[in-house]
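Numbering (our numbering), first residue to last: 16 to 382. Quick reminder that beta carbons are idealized off the backbone N, C-alpha and C, glycines included.
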């Protein structure tokens, strides 16, 4: 909407044309900032109404596989969950208002957010409306892979004609490996993996939302730089025409998470649920694929990677030896079992997430 107005009535503000940058001639920098603000305000406005509505219908059940963890989190019982619905709403509202909907990257990213959000909402619905723990593992993965393959195929046809568009790029050394049509399977894997990494991290008040703010900010910068021909050339990174428009969506992600954190900080008034963690995680994966920075995603989203690896290590080691490496997985639960205050754990994870995001962006200058 805003993009259309600026495009058609730009002559009225022609004197401001100097602030236009990147591959968008319509005030991309300003629209990214505005998208952040719009999504933040949208989350703040709709948050209280959503929380009241969710509190009447969708309250959290503490039903993990660990009796001790259930006991430690007993105070969280009946907290409204499925807060991801107003996170997704805030992102979509900001993207529609501030973004260029003719941009294929932006349209595909909205498909990612809405598609994975629908899967997460269905999963949350089953959890609170029945005695089940949501969708079965097979059902959830199947649904995620279907959405991911659809988006990956669409993305393949956008990237196929672009230099380095189908290469796996390594930040250090700046060399790439062409993967051709295998890009589709790889892209689906990245989105599903990133989605579940954020989902596993969403276990303490404000933990996932704070880490997403750091990672989302980094990808707002990365997409902007990738879409800016001069900056991409200067940093020797892949220049993807149109990628800068994704900065609007990542700005919206950051704003939405800031607004959600307003209610999700300890003690949480609402939980994100799968309806929020699955789409936001998948969006990070999509941003990495567009900018050809999947390897950098491992650094920028390092907290989510570590949390995922902690689960894999715990399960694998237990099957091999019958013993546990951690008191409880994912990693944040290990510290909960050790008696660390929840606010200490969350704040320290936030610090690590922020540092990793800065390291990831700074590594672009390494030759």
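Report task. Just mark residue 193 as buried or exposed, buried being the case when its beta carbon has 16 or more other beta carbons within 10 Å. Result -> Result: exposed.
Requested in this report: Specify whether the stretch 256 to 269 and the stretch 232 to 242 touch according to this definition: at least 3 beta carbon pairs, one from each stretch, less than 8 Å apart.
Outcome: Short answer: they touch.
Report task. Spell out the partners DSSP gives residue 191 in its beta bridges. Result -> According to DSSP, which records beta bridges pairwise, residue 191 is partnered with 184.
Query raised in the report: Exposed or buried, which one is residue 335 when buried takes at least 16 other CB atoms within 10 Å?
Result: The residue is exposed, with fewer than 16 neighbouring Cβ atoms inside 10 Å.
Requested in this report: Check residue 356 in the structure and name its three-state DSSP category.
Outcome: In the displayed model, residue 356 falls within coil according to three-state DSSP, outside both helix and strand.
Report task. Report yes or no: do three or more beta-carbon pairs, one from the stretch 234 to 250 and one from the stretch 274 to 290, lie closer than 8 Å? Result -> The stretch 274 to 290 and the stretch 234 to 250 do not touch, with fewer than three beta-carbon pairs separated by less than 8 Å.
Query - Option nearest residue 364 by Cα separation, candidates 381, 379, 342 and 318 - result: Just measuring C-alpha positions, the residue of 381, 379, 342 and 318 sitting nearest residue 364 is 318.
Query raised in the report: Are there 16 or more other CB atoms within 10 angstroms of the CB of residue 101, so buried, or fewer, so exposed?
Result: Counting Cβ neighbours within 10 Å, residue 101 comes out buried, since at least 16 surround it.
Query raised in the report: If you compare alpha carbons, which of 219, 224, 114 and 360 is closest to residue 94?
Result: Closest in alpha carbon position to residue 94, among 219, 224, 114 and 360, is 219.
Report task. Decide if residue 238 is buried, meaning its Cβ has at least 16 other Cβ atoms within 10 Å, or exposed. Result -> By the neighbour-count rule (16 or more Cβ atoms within 10 Å), residue 238 is buried.
Query raised in the report: Looking at the unbroken alpha helix (DSSP H) that takes in residue 303, where does it start and where does it end?
Result: Where residue 303 is concerned, the enclosing alpha helix (DSSP H) stretches over 289 to 306.
Query raised in the report: In chain order, what residues of the same chain have a beta carbon less than 6 Å from the beta carbon of residue 269, not counting five sequence neighbours either side?
Result: Its chain contains 51, 228, 231 and 232 as the residues whose beta carbon lies nearer than 6 Å to that of residue 269, once the 5 sequence neighbours on both sides are disregarded; these appear in chain order.
Query raised in the report: Hey, quick one: how far does the alpha helix (DSSP H) through residue 255 stretch, first residue to last?
Result: For residue 255, there is no enclosing alpha helix (DSSP H), as DSSP marks it with neither H nor E.
Report task. Quick one: residues in its chain with C-beta nearer than 7 Å to the C-beta of residue 258, no 5 flanking neighbours on either side, listed in chain order? Result -> Here residue 258 has 120, 238, 241, 242, 305 and 306 as same chain residues with Cβ atoms under 7 Å from its own Cβ, once five neighbours each way along the sequence are excluded.
Query raised in the report: What are the boundary residues of the alpha helix (DSSP H) that includes residue 250?
Result: Its alpha helix (DSSP H) spans residues 244 to 250.
Query - Inter-residue CB distance, residue 260 and residue 115 (contact presumed, cutoff 8 Å) - result: About 5 Å; that satisfies the 8 Å criterion.
**Report entry** Option in 354, 366, 98 and 375 with minimal Cα separation from residue 303
**Finding:** Scanning 354, 366, 98 and 375 for the CA closest to the CA of residue 303 turns up 375.
**Report entry** Segment limits, alpha helix (DSSP H) that includes residue 311
**Finding:** Note, residue 311: alpha helix (DSSP H), 309 to 315.
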